[in-house]
DNA sequence: GATTTTCATTTGTCAGACATTTAAAAGTCT
DNA sequence: AGACTTTTAAATGTCTGACAAATGAAAATC
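Protein chains in written order, with our numbering: chain P, 1 to 257; chain R, 1 to 257.
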């Protein structure tokens with residue numbers, strides 16, 4: 001592993017990249033122990049704090065885990081689906097919030113992906129997924145449910161749908177995408193009427209999945225996309241009027257207390 | 001923001017989480033400057049190296065960038081599509097390599113996603129994407145092309161296809177997924193005959209997109225998925241036989257499913 | 001007024017030290 | 001001998017203090 005001290009890139013970044021490449025290329029196996037910080041500092045000819053910063057970068061990406069004590073150290077981490085999804089959600093959420101993406105664009109992408117696994121879900125769904133969908137539909141009918149809880153239930157419903165495809169890679173990709181859209185969906189205020197409309201569509205969707213009707217499921221998802229966009233538009237129109245009247249609030253700086 | 005020194009989580013991890021939450025929640029705007037390391041150390045009541053480790057974690061996730069010099073410091077980073085895709089590729093690649101996922105599962109997920117944007121690509125594709133597809137098909141016909149270069153061209157072709165949908169969110173998700181599969185695809189040795197078969201399918205696919213025939217595009221993708229799986233199976237079967245002859249067969253051979 | 005120099009600020013890095021955790025190894029008792 | 005306890009060494013987590021390098025603003029100079 002070569003490190004160039006004259007590069008403008010920080011040493012810790014270069015070292016992190018070297019180790020990351022070793023992990024991705026498979027030169028380091030899962031659960032394999034990396035040399036101790038002191039040894040790495042020797043090998044790369046840098047100080048221990050610099051090595052530590054590099055290791056923290058890798059830890060932030062869930063590439064390694066560290067363990068204290070004798071025979072502890074940094075180990076190549078087994079990346080679980082849950083870890084991977086968390087990373088995906090963080091990245092996607094930020095991407096959506098920072099890039100001036102219209103609700104329609106995000107919504108379109110989300111439903112396009114969801115339609116992709118609808119046929120597979122219709123074919124392979126298990127009683128488990130149908131039970132979750134039924135339970136969430138029931139919850140969505142409760143009138144005293146808050147908007148946030150309604151949204152959370154919506155996410156759970158769609159995750160069950162996705163999981164019905166019985167493909168963990170697809171579940172990882174899709175659930176990340178849907179979770180990332182939750183902040184956008186939370187901006188919507190769900191009236192009783194719009195909730196009833198959504199519940200009805202969810203019911204249709206579940207029926208289509210239950211009866212293994214792929215075409216109907218896809219069609220229902222198209223309908224749901226239209227309704228979601230329409231709801232968002234009406235809310236945003238209202239907000240846009242409100243914004244032009246009120247002033248934008250300045251944000252509080254970081255404080256330790 | 002409260003930091004609990006008695007928690008088993010490392011201080012730097014807690015601090016990173018606190019700042020990350022502030023960024024995601026929008027309390028810190030894009031390009032806003034964070035307090036200096038010394039100020040943060042004061043606020044959180046920890047030493048500067050600890051703060052630095054926390055900041056490196058955030059830098060690894062592309063959440064902040066740092067700038068040296070007077071009026072430098074850490075700034076909330078604008079997460080570009082390119083950065084986000086890089087993160088996604090890293091995560092997805094590791095997920096695939098570490099979780100004993102069968103080729104079929106990954107392949108199925110990839111083509112399901114790709115089929116999702118085929119109709120949109122058929123409807124909206126621009127001359128730009130068609131030109132790229134044509135160029136890549138031409139390249140794939142060159143006999144002296146290495147397997148790796150063929151794979152790279154394949155990725156470029158499919159990226160043009162998904163870019164045809166004119167939805168950047170979809171492009172981000174899909175191109176990440178396809179790039180992450182590249183190491184798996186690189187395991188395949190492409191014979192002249194299989195290359196011809198793939199080129200033919202690509203030609204059909206481009207024709208379908210060109211003529212805005214969504215159904216045909218989807219159908220062709222189904223065909224390509226089948227061919228890809230078949231190719232992978234034959235390669236893996238050959239590898240498995242080679243291994244059982246060469247070495248002790250006490251460990252289960254690689255299975256294609 | 002334009003250019004150069006100085007300078008304060010901030011990150012990047014290093015060195016050494018101590019605290020804490022942890023599991024292996026040694027010791028002790030039954 | 002076997003089970004339990006204590007010791008101990010190794011490793012990460014953290015702190016203090018310091019210096020180097022970069023960088024933009026302000027002061028000085030032409």
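Ideal Cβ placement from N, Cα and C applies to all residues, glycine included.
Nearest CB-CB separation between residue 91 of chain R and chain P: below the 7 Å threshold.
Here DSSP, grouped into helix, strand and coil, assigns residue 71 of chain R to coil. A straight-line Cα-Cα distance of about 52 Å links residue 214 of chain P and residue 51 of chain R.
The beta carbon of residue 77 of chain R is closer than 7 Å to those of 62, 63, 64 and 65 in its chain, skipping five residues each way along the sequence. If you look at residue 29 of chain R, you'll find it isn't in any alpha helix (DSSP H); DSSP assigns it neither H nor E.
Within chain P, 13 and 57 have C-beta atoms less than 8 Å from the C-beta of residue 59 of chain R, given in sequence order.
Taken through DSSP and simplified to helix, strand or coil, residue 15 of chain R comes out as helix. Going by C-alpha positions, residue 79 of chain P is about 18 Å away from residue 103 of chain R.
Residues of the segment 74-85 of chain P with a Cβ closer than 8 Å to any Cβ of chain R, in chain order: 78, 79, 80, 81 and 84. At least 7 Å separates the CB of residue 221 of chain P from every CB of chain R. Per DSSP, residue 81 of chain R is one residue of the alpha helix (DSSP H) stretching across 81-98. The contact set of residue 52 of chain R on chain P, defined by CB atoms closer than 8 Å, consists of 49 and 53 in chain order. With a beta-carbon spacing of about 15 Å, residue 108 of chain R and residue 158 of chain R fall beyond the 8 Å limit used to define contacts. Here the alpha carbon of residue 218 of chain R sits roughly 55 Å from the alpha carbon of residue 45 of chain P. Closest in C-alpha terms to residue 24 of chain P, from the list R/74, R/43, R/94 and R/24, comes R/94. Cβ atoms of residue 171 of chain R and residue 162 of chain R come within 8 Å of each other, at about 6 Å. Separation of the CB atoms of residue 148 of chain R and residue 186 of chain R is rounded to 6 Å, and the pair is thereby assigned contact status at 8 Å. Between residue 160 of chain R and residue 181 of chain R, the CB-CB gap reaches or exceeds 7 Å. Excluding its 5 nearest sequence neighbours in each direction, residue 57 of chain P has C-beta neighbours in its own chain below 6 Å: 16, listed in chain order.
Chain P places no beta carbon closer than 7 Å to that of residue 186 of chain R, leaving this residue out of the contacts. A direct Cα-Cα distance of roughly 13 Å separates residue 150 of chain R from residue 135 of chain R.
Below the 8 Å Cβ cutoff, chain R contributes 168 and 169 as neighbours of residue 101 of chain P, in chain order. Note on geometry: alpha-carbon atoms of residue 122 of chain P and residue 110 of chain P lie some 18 Å from one another. The beta carbon of residue 168 of chain P lies closer than 7 Å to those of 81 in the same chain, with the five residues before and after it left out.
When the Cα atoms are used, residue 184 of chain R and residue 32 of chain R turn out to be separated by approximately 41 Å. Using a Cβ distance threshold of 7 Å, residue 118 of chain P and residue 221 of chain P count as a contacting pair. Within the segment 108-127 of chain R, those residues whose Cβ lies closer than 7 Å to any Cβ of chain P are, in chain order, 108, 109, 112, 113, 115, 116, 117 and 120. If you draw a straight line from the Cα of residue 196 of chain P to the Cα of residue 188 of chain P, it comes to about 15 Å. Sixteen is the threshold: since fewer than 16 other Cβ atoms of the shown chains lie within 10 Å of the Cβ of residue 126 of chain R, the residue is exposed. Nearest Cα to residue 131 of chain P within the set P/91, P/13, P/36 and P/206: P/206. Around the beta carbon of residue 92 of chain P, 16 or more other beta carbons lie within 10 angstroms, which makes this residue buried. Ranked by how close their Cα comes to the Cα of residue 228 of chain R, the residues R/209, R/90, R/41 and R/194 have R/194 in first place.
With a threshold of 7 Å between beta carbons, residue 203 of chain P makes no contact with chain R.
The beta carbon of residue 95 of chain P sits closer than 7 Å to some beta carbon of chain R. Residue 203 of chain R sits close to residue 137 of chain R, with the two beta carbons spaced by under 7 Å.
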